[in-house]
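Asks: If you scroll down you'll find the structure; I have some questions about it.
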Amino acid sequence: MTRRSSATGWTRLRRFDWMIMAAAVALMGVGICFIYSASFHGDPLRVAPYYRKQLVWDGLGLLVCVLVGMTDYRRILRGAWAWYALAVGLLLLAIVAGVSVRGAQRWLCILGVCVQPAELAKIALVVVLAKYLGSGARRVTGWRIVLTAALITALPFSLIFRQPDLGTAAALIPLLLVLLYVGGVPGRVLVFLCILGLLFAPLGWLALDEYQKNRILFFLDPGKDPLGAGWNKIQSEIAVGSGGLWGKGFLKGTQNILGFLPRSVAPTDFIFSVIAEEAGFVGSAAILALYLVILSACLRTALSARTVSGKLLCVGVAVLLFFHVFVNVGMTVGLFPITGLPLPLVSYGGSVTVALMAGLGMVQSVRVFSVRI
Numbered sequence: 003m004t005r006r007s008s009a010t011g012w013t014r015l016r017r018f019d020w021m022i023m024a025a026a027v028a029l030m031g032v033g034i035c036f037i038y039s040a041s042f043h044g045d046p047l048r049v050a051p052y053y054r055k056q057l058v059w060d061g062l063g064l065l066v067c068v069l070v071g072m073t074d075y076r077r078i079l080r081g082a083w084a085w086y087a088l089a090v091g092l093l094l095l096a097i098v099a100g101v102s103v104r105g106a107q108r109w110l111c112i113l114g115v116c117v118q119p120a121e122l123a124k125i126a127l128v129v130v131l132a133k134y135l136g137s138g139a140r141r142v143t144g145w146r147i148v149l150t151a152a153l154i155t156a157l158p159f160s161l162i163f164r165q166p167d168l169g170t171a172a173a174l175i176p177l178l179l180v181l182l183y184v185g186g187v188p189g190r191v192l193v194f195l196c197i198l199g200l201l202f203a204p205l206g207w208l209a210l211d212e213y214q215k216n217r218i219l220f221f222l223d224p225g226k227d228p229l230g231a232g233w234n235k236i237q238s239e240i241a242v243g244s245g246g247l248w249g250k251g252f253l254k255g256t257q258n259i260l261g262f263l264p265r266s267v268a269p270t271d272f273i274f275s276v277i278a279e280e281a282g283f284v285g286s287a288a289i290l291a292l293y294l295v296i297l298s299a300c301l302r303t304a305l306s307a308r309t310v311s312g313k314l315l316c317v318g319v320a321v322l323l324f325f326h327v328f329v330n331v332g333m334t335v336g337l338f339p340i341t342g343l344p345l346p347l348v349s350y351g352g353s354v355t356v357a358l359m360a361g362l363g364m365v366q367s368v369r370v371f372s373v374r375i
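Residue numbers for the sequence shown, in the working numbering: 3 to 375.
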């Protein structure tokens with residue numbers, strides 16, 4: 003252990019899984035191109051500056067990934083409760099003094115830089131659950147462990163839901179269930195929890211805001227208001243379907259350039275629609291293949307981890323990544339209601355990019371400090 007911990011920075015860097023880094027950089031590159039396309043109005047002089055800002059966030063994300071990857075993940079775990087407390091504190095601050103955008107109070111802005119505390123909270127929750135469930139003193143399965151982990155998750159869940167941000171809050175549920183299972187909780191307990199959740203789902207409907215209810219209702223029947231609440235869903239499906247096998251070509255997506263796919267959401271929630279229209283099925287499949295590379299690398303590192311906590315860290319990051327990709331792509335093709343979840347490393351967004359790269363940095367750290375010498 004001492005020799006692993008005392009490895010030089012260069013040695014640690016060499017132990018990185020460079021397939022993760024290559025796939026992440028490739029996704030970022032694709033994201034920059036199609037963020038440019040999504041903000042292209044037919045005139046090169048009228049391109050919104052989204053892609054320039056995203057370049058900065060991508061660079062910061064890569065730096066964070068490298069720094070976290072070269073830090074022993076056990077040191078990160080020792081500060082798990084501090085990270086959790088910081089995340090909860092920032093979520094509370096966002097509710098009390100945050101900036102409201104389109105009716106959602108999710109942002110904290112300092113000196114012109116705005117961040118979403120919910121993105122930090124997701125990674126902090128992965129760390130604290132890995133710490134709690136992976137502790138040698140707590141490997142006893144049972145309801146006490148399940149209830150404690152559920153309470154740990156419930157606090158950030160309720161604060162994120164309150165913003166309101168149903169999509170991000172929903173991501174915490176599969177995260178909790180999968181980490182409980184990997185941590186040793188019997189499957190029958192988790193099945194019981196899922197059934198219990200379904201039974202109480204109607205009560206959750208009452209807690210939704212009116213616009214959230216409308217999103218679900220118009221998902222079921224978009225034709226009910228095709229020029230209003232159902233517009234984005236309908237136009238997204240048209241964009242995806244019109245791309246065909248090879249797409250219409252870069253900067254040639256008519257749904258995007260003519261503004262049928264609203265420019266306020268095209269670079270963020272609906273970036274996959276832009277990609278599908280301009281790069282077609284082949285380009286879309288290539289994007290999904292890059293995500294598969296990262297997911298498989300995370301799970302491979304989890305299998306080789308020398309501690310339960312390290313395994314849980316890797317699995318937790320993989321669950322968050324999979325959930326975001328699955329829901330975002332499903333949303334753009336009409337399989338799920340519109341949730342506002344971005345496509346990781348591709349959609350425009352700084353907080354989600356830096357947070358995910360920090361998560362991938364933890365996966366790298368588990369790999370680096372699990373190498374046998």
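Beta carbons: idealized from backbone N, C-alpha and C, even for Gly.
(1) Of the choices T309, R302, V335, F324, whose alpha-carbon is the least far from that of M21?
(2) Which residues mark the beginning and the end of the alpha helix (DSSP H) in which S102 is found?
(3) Could you give the distance in angstroms between the alpha-carbon of H326 and the alpha-carbon of A171?
(4) The beta strand (DSSP E) that contains V117, what's its start and end?
(5) Our contact map puts V370 next to R77 with C-beta atoms below 8 Å; I'd like the distance itself, whole angstroms only.
(6) In whole angstroms, what is the alpha-carbon distance linking R108 and S102?
(7) My output table needs one value for R108: the three-state DSSP class, helix, strand or coil.
(8) Leaving aside the five residues before and after L92 along the sequence, list all residues of the same chain whose C-beta is less than 6 Å from its C-beta, in chain order.
(9) Please name the residue, chosen from D60, A40, V329, S41, that lies closest to G352 on a Cα-to-Cα basis.
(10) Here's the rule: buried if 16 or more other CB atoms are within 10 angstroms of the residue's CB, otherwise exposed. What is G31?
(11) Pop quiz: K313 and A304 are said to be a contact at Cβ under 8 Å. What is the actual Cβ separation, rounded to whole angstroms?
(12) Please report how far the alpha carbon of L57 lies from the alpha carbon of F194, in whole angstroms.
(13) How close, in whole Å, do the beta carbons of I97 and A123 come, if the pair is a contact with beta carbons under 8 Å?
(14) Under 7 Å Cβ to Cβ from R146, same chain only, skipping five residues before and after it: list those, please.
(15) Taking the alpha-carbon positions, what's the W12 to L362 distance?
(16) For G245, which residues of its own chain have a beta-carbon under 6 Å away from its beta-carbon, when the five flanking residues on both sides are left out?
(17) On the criterion of 16 or more Cβ atoms from any shown chain inside 10 Å, does Y293 qualify as buried, or is it exposed?
(18) For I296, count the other beta carbons within 10 Å of its own beta carbon; 16 or more makes it buried, fewer makes it exposed. Which is it?
(19) Name the residue from A132, R164, L168 whose alpha carbon lies nearest to the alpha carbon of A151.
(20) Considering Q366, what are the terminal residues of the alpha helix (DSSP H) in which it resides?
(21) Cα-Cα, which of G169, F202, L253, P269 is closest to F338?
(22) Quick check: the Cα distance between A26 and V365, rounded to an integer number of angstroms?
(23) With respect to the alpha helix (DSSP H) encompassing G206, which residues constitute its N-terminal and C-terminal limits?
Replies: Let me spell this out:
(1) Counting from one through the sequence shown, the residue named residue 21 turns up at place 19. Nearest C-alpha to M21 among T309, R302, V335, F324: R302.
(2) For the purposes of this step, residue 102 is taken as residue 100 along the sequence shown, with counting starting at 1. Element bounds for S102: not the alpha helix (DSSP H) but the beta strand (DSSP E), 101 to 103.
(3) Mapped onto the sequence shown, residue 326 falls at position 324. Mapped onto the sequence shown, residue 171 falls at position 169. Roughly 12 Å separates the two Cα atoms.
(4) Counting from 1 along the sequence shown, the entry for residue 117 is found at position 115. First-last of the beta strand (DSSP E) with V117: 115 to 117.
(5) Position 368 of the sequence shown, counting from 1, holds the residue named residue 370. Position 75 of the sequence shown, counting from 1, holds the residue named residue 77. Not a contact, Cβ separation roughly 12 Å.
(6) Position 106 of the sequence shown holds residue 108. Position 100 of the sequence shown holds residue 102. Using only the alpha carbons, I get a separation of about 7 Å.
(7) Start at 1 with the first residue of the sequence shown, and residue 108 comes out as number 106. Of the three classes helix, strand and coil, the one that applies to R108 here is strand, per DSSP.
(8) Indexing the sequence shown from 1 puts residue 92 at position 90. If we look at L92 and ignore the five residues flanking it on each side, its Cβ neighbours are P119.
(9) Against the sequence shown, residue 352 aligns to sequence position 350. With distances taken between Cα atoms, G352 lies closest to D60.
(10) For the purposes of this step, residue 31 is taken as the residue at position 29 of the sequence shown. By the 10 Å Cβ count, G31 comes out exposed.
(11) By one-based count along the sequence shown, residue 313 stands at place 311. By one-based count along the sequence shown, residue 304 stands at place 302. Indeed, because the Cβ distance is near 5 Å, the residues count as touching under 8 Å.
(12) The count along the sequence shown starts at 1 and reaches residue 57 at position 55. The count along the sequence shown starts at 1 and reaches residue 194 at position 192. Computed Cα separation, rounded: 45 Å.
(13) The residue given as residue 97 occupies position 95 in the sequence shown. The residue given as residue 123 occupies position 121 in the sequence shown. Their Cβ separation, rounded to whole angstroms, is 12 Å, which puts I97 and A123 out of contact at 8 Å.
(14) Reading the sequence shown from its first residue, position 144 is the one you call residue 146. Excluding sequence neighbours, R146 sits near nothing in its chain.
(15) Along the sequence shown, one-based indexing puts residue 12 at 10. Along the sequence shown, one-based indexing puts residue 362 at 360. Their backbone Cα atoms lie some 19 Å apart in a straight line.
(16) As a first step, residue 245 is located in the sequence shown; it is residue number 243 there, counting from the start. So the list reads A278, E279, G282, once near-sequence residues are dropped.
(17) Numbered from 1 along the sequence shown, position 291 holds the residue referred to as residue 293. Result: buried.
(18) Your numbering for residue 296 matches position 294 in the sequence shown. Buried, since its Cβ has 16 or more Cβ neighbours within 10 Å.
(19) The count along the sequence shown starts at 1 and reaches residue 151 at position 149. With distances taken between Cα atoms, A151 lies closest to A132.
(20) The residue given as residue 366 occupies position 364 in the sequence shown. Counting along the chain, the alpha helix (DSSP H) containing Q366 begins and ends at 352 to 370.
(21) Numbered from 1 along the sequence shown, position 336 holds the residue referred to as residue 338. For the residues G169, F202, L253, P269, the minimum Cα distance to F338 belongs to G169.
(22) Mapped onto the sequence shown, residue 26 falls at position 24. Mapped onto the sequence shown, residue 365 falls at position 363. One C-alpha to the other measures close to 13 Å.
(23) Start at 1 with the first residue of the sequence shown, and residue 206 comes out as number 204. Membership of G206 in the alpha helix (DSSP H) is indicated by the continuous run 203 to 209.
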